[in-house]
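Heads up: the sequence shown at position 11 corresponds to 1185 in my numbering, and the numbers run straight through without jumps. Have a look at the structure below, then the notes.
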Amino acid sequence: MRIIAGEARGRTLVAPAGQNTRPTQDYVRESLFNILNARVMDARVLDLFAGTGALSLECISRGAESAVMVDMDRAACAAIKKNIEAVRCAERCRLIQKDYRVAIDLLSRESATFDLVFLDPPYRMTETGEICGKLLDAGLLCRDCMLVIEHRAGQMPVLDERFAVTRVKKYGDTEISFVSCRQEERSASEEER
1175 MRIIAGEARG
1185 RTLVAPAGQN
1195 TRPTQDYVRE
1205 SLFNILNARV
1215 MDARVLDLFA
1225 GTGALSLECI
1235 SRGAESAVMV
1245 DMDRAACAAI
1255 KKNIEAVRCA
1265 ERCRLIQKDY
1275 RVAIDLLSRE
1285 SATFDLVFLD
1295 PPYRMTETGE
1305 ICGKLLDAGL
1315 LCRDCMLVIE
1325 HRAGQMPVLD
1335 ERFAVTRVKK
1345 YGDTEISFVS
1355 CRQEERSASE
1365 EER
């Protein structure tokens, strides 16, 4: 596994041993970032269930402003720390070793907002749509935020009416759904804050 493009191109990343972490394959990441393209530059990135941190670190390498990586698995967090060092970007990265719900509450209290959110939970988790709702309710999604949800093929996240799926890409047994907030919902949420 390696960084594909940008200032850290070619740097090798490590993954924890075992079955708890499922790193996104290089060819899938390359395709994903071809789609995201200009959205990455200067973006504030949130990576829930970060695993190895590869998605966030690819963003940093391609010019993202900052990345917050959340994972509660000890081995995954150890790998993320090594990968941040390998990419030499510690000043632009933050690792939160907590459950995603605790992390959402923490970031909400800090009034953090994000332009790009990666959700790559274990395939056994089925509440990805609810997590999107929690992120919006917590005020963490900026006006034009893009959510990138990786899931098992054929098991689309169940999203409420505040979200719209703009694109779906299939890679073998994996699908990636690109999700945005409907503008009327975004405006109502901003007025409440």
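For every residue, glycine included, the Cβ atom is placed at its ideal position computed from N, Cα and C. Note that this is a predicted model, so its numbers are computed, not measured.
Listed in chain order, the non-local C-beta contacts of Val1214 below 6 angstroms within the same chain comprise Cys1233, Arg1236, Ala1238, local neighbours out to five positions each way being set aside. In the three-state reduction of the DSSP assignment, Val1332 falls in the coil class. Note on geometry: alpha-carbon atoms of Tyr1201 and Ala1189 lie some 16 angstroms from one another. Judged by their CB atoms, Ala1250 and Met1175 are not nearer to each other than the 9 angstroms cut-off.
Boundaries of the alpha helix (DSSP H) harbouring Glu1304: 1302 to 1311, taken from the DSSP string. Between the alpha carbons of Asp1216 and Ser1240 lies a gap of roughly 8 angstroms.
Of the residues assessed, Arg1298 falls on the exposed side of the cut-off, its CB having fewer than 16 other CB atoms within 10 angstroms.
Restricted to the stretch 1209 to 1260, the beta strand (DSSP E) segments that are unbroken, complete and at least 3 residues in length are 1218 to 1222, 1240 to 1244, listed in chain order. Here Phe1223 is near Leu1293, since their CB atoms are less than 9 angstroms apart.
A Cβ-Cβ distance of about 11 angstroms is found for the pair Val1342 and Val1322, leaving them out of contact under the 8 angstroms criterion.
Across the set Ser1230, Ile1270, Val1219, the C-alpha of Val1219 shows the shortest separation from the C-alpha of Phe1288. Taking C-beta atoms under 8 angstroms as the contact rule, Thr1302 and Asn1257 fail to qualify, at a distance of about 24 angstroms. The beta carbon of Met1246 sits closer than 7 angstroms to the beta carbons of Gln1271, Lys1272, Asp1273 from its chain, once the five residues preceding and following it are set aside; these are given in chain order.
Here His1325 is not near Ile1305, since their CB atoms are 9 angstroms or more apart.
Checking the DSSP bridge columns, you'll see Lys1343 partnered with Ile1350. Annotated three-state conformation of Ala1182 is coil, per DSSP. By a beta-carbon distance limit of 8 angstroms, Ser1354 contacts Met1320. Their separation comes to about 6 angstroms. The closest CA to that of Arg1266, considering only Ser1285, Ser1230, Ala1277, Val1276, is found on Ser1230. Counting of Cβ neighbours within 10 angstroms places Gly1180 among the buried residues, the total reaching 16 or more. At least 9 angstroms separates the beta-carbon of Leu1310 from that of Leu1281.
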